[in-house]
Each structure stands twice: as structure tokens, then as C-alpha cells.
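Visitor: Counting with this note's numbering, you get residues 51 to 324 for the letters of the sequence shown. Yeah, the Cβ is synthetic: ideal placement off N, Cα and C, and Gly gets one too. All of these numbers come straight from a predicted model, not from anything done at the bench.
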Amino acid sequence: MKVGVMDSGAGGLTILNAIHQKHPYLDLVYLADDAFAPYGSKSAEQLQDRLVKVGRFFENEKVCAIVVACNTATVTAIDALRACTSLPIIGVEPAVKPAFRLSKKRRVAVLATPVTAESPRLNQLIDLWKADSHVSIMSSSTLAFDIDAWPETEEKVKQTIQQLSQEMLAQNIDTLVLACTHYPLVKHLFEQILGNECEIIEPSEGVTAQLIRRLTESYPNEMSQLLDAVKHQDNSQNQGSIELCSSLGFQNMQRLTSWVISSGAIKDRRHVLI
């Protein structure tokens, strides 16, 4: 069973890694839409048009579901994608609900791209779950883009994280929501500055669980047969493959590959036109 996973760059690989580690029997096609990056600088209309084209690409790839592993694309364009395809679509939203439940000091920071930070959806989620918590919505216009250019931008990324983390420490933040799928790639840098007293929340587990729910609902017989085969066969016979695709070509392929935890599962790397 094949699943499509997309993002503007490398960020969605945090979701792909979680899916592959938890459900290695799935075949995964990853699209890094580098040619249209950064998504955070595009208008809602541009992103909606782009996601429709991405949906057509994945339909041609014969996937069973599409994971929009990008907060910015989810909050601005996922409805346009859902309107143009019958495939199950799984988005990624800031994990504010578990953050508010975990926070002991009731002081939560949500770090996002500017588009996500200003989106009505994020503010709706915060209003729904915050109760008596103090919430600080923080954004960076460069961090996601700089993470895509790692390791050349390593020092710039570290400087940005240092500045953001110092602001959080000054506000006595005890729970941080990483509301961009790029940010968990450098989660360890936040941990080094914020320390053990600050919980850092990211959405990969929740998205993975939702994907399996949707696949089970939409393809009950196929999923039942697949899971039954996984139970009764050697694990090595049920290893899914990973295909890496980039709309920019091969110049970022080495970077994309470096973020994949199970690099041995990569069977193909392709330049695709969207």
C-alpha cells in the first residue's frame, strides 16, 4: 500500500520517518516541493493552486492517501486539495491540545511560520484548548528555509534558535509547540538551550495514527490483509520502500537523503515536474 507525503522541503521527512518507523510495511513517496519554496511567502491562492497540482501528481503515482506534512499548506490550502480528489487527505496541525494538557506552569509557546502564526485555524485551536494558560505565538520567517539549506546554514539556524529560545526563557515557558514540520529536525538545538524543564511537542505521532485510521476506514479489506501478512511473515519480507522526489531537481537530494533515518529503505530518487 502506497502513501504520498509532501512538504515544501525537508520538513515533512519528520512525518515520513515516524510513519516508516511505526509502519515499515507501507511504501512511501515523498515530494519535496523545493521549486515552490518557501510556502510561507506565498499567498493562499497560490498555495491552493499548488496543492491541487500536487494532488494530481500523487494520483498519477497511484497512492492510497496523501499526507500534507506542512502546517502552512494545511491551514491555507488543504480544503482545495480535498475538493479535487477522492483520496483520503491527512493534514498536520499544531499540537496545542497536548501542550496545554502537559504544561504545569500554564505557559506555552507556539513556534510557527508567519502564515501559520497568523492563521485563523491556529487561533481557533488555541482558543479551544488554552483554558487559563498564557500563550505566546512566535514566528520566524527564515528558520524553515534555513533548515532546508542545512548544513551550510547551520550557524544561522543556531543563532535563530538561540534568539527564540532566550525569548522563551525570559517568559518562563515550560512547553513549546513546534508548529512547523521543519523544526523537529533541529529539536536537539532547542533542547540544548531550553533544558529538561521545557517539554517540546511535535505532531508526528498524531499524524501517523490518523493516517492509519483513515487507511483502515477507506481500505478495510486491503489493510486487514496487509496487517495479517505482516503478522505471519518475516519482517524482512514486509519492508516498504521510500521514494524521494523533488520538484527542484537533484541539487537538494543529498540533503533530503541525510534527514531520512532509514536511508537503506530508499529505492529511488527522482526529479518531478509539478
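By DSSP, does leucine 76 sit in helix, in strand, or in coil?
Guide: Coil, per DSSP.
Visitor: Roughly how many angstroms lie between the CA atoms of threonine 258 and cysteine 120, to the nearest whole one?
Guide: Approximately 14 Å, taken between the alpha carbons.
Visitor: Counting Cβ pairs, one atom from each stretch, are 3 or more of them under 8 Å apart for the stretch 237-246 and the stretch 200-211?
Guide: Because the criterion of three Cβ pairs below 8 Å is met, the stretch 237-246 and the stretch 200-211 touch.
Visitor: In terms of DSSP beta bridges, what is glycine 54 paired with?
Guide: Per DSSP, Val79, Ile116.
Visitor: DSSP on lysine 180, reduced to helix/strand/coil?
Guide: Correct three-state label for lysine 180: coil.
Visitor: Quick check on leucine 161: does DSSP put it in helix, strand or coil?
Guide: In the structure shown, leucine 161 sits in a strand (DSSP, three-state: E or B).
Visitor: Does the distance from the C-beta atom of isoleucine 128 to that of valine 117 stay below 8 Å?
Guide: Not a contact, by the Cβ cut-off of 8 Å.
Visitor: Suppose the cutoff is 7 Å on Cβ atoms and the five residues either side in sequence are ignored; what does the same chain contact list for proline 88 look like?
Guide: Only Ser58, Ala194, Phe195 meet the Cβ criterion.
Visitor: Rounded to whole angstroms, how far is the Cβ of valine 207 from the Cβ of isoleucine 197, which I believe are closer than 8 Å?
Guide: That belief holds up - the Cβ atoms of valine 207 and isoleucine 197 are roughly 6 Å apart, short of 8 Å.
Visitor: DSSP has glutamate 293 in a bridge; who is on the other side?
Guide: In the DSSP output, where bridge partners are listed per residue, glutamate 293 has Val79, Asp318.
Visitor: Entirely within the stretch 107-152 and at least 3 residues each: give me those beta strand (DSSP E) ranges in chain order.
Guide: If we require 3 residues or more, the beta strand (DSSP E) runs fully inside the stretch 107-152 come out as 115-118.
Visitor: Could you say which of Gly90, Lys112, Asp83, Ala94 lies nearest to valine 104 if we only look at CA atoms?
Guide: For valine 104, the nearest C-alpha among the options comes from Asp83.
Visitor: Using 10 angstroms around the beta-carbon of proline 270, count the other beta-carbons present and answer buried if the total reaches 16, otherwise exposed.
Guide: Classification for proline 270: exposed.
Visitor: Using the Cβ count rule (16 or more neighbours within 10 Å means buried), how would you classify arginine 263?
Guide: The residue in question, arginine 263, is exposed, as its Cβ has fewer than 16 Cβ neighbours within 10 Å.
Visitor: Cutting at 7 Å between CB atoms, please list the residues of its own chain near cysteine 134, excluding the five before and the five after it.
Guide: So the qualifying residues of the chain are Val102, Gly105.
Visitor: Grab the span of the alpha helix (DSSP H) containing glutamate 241 for me, first residue to last.
Guide: Element bounds for glutamate 241: 237-244.
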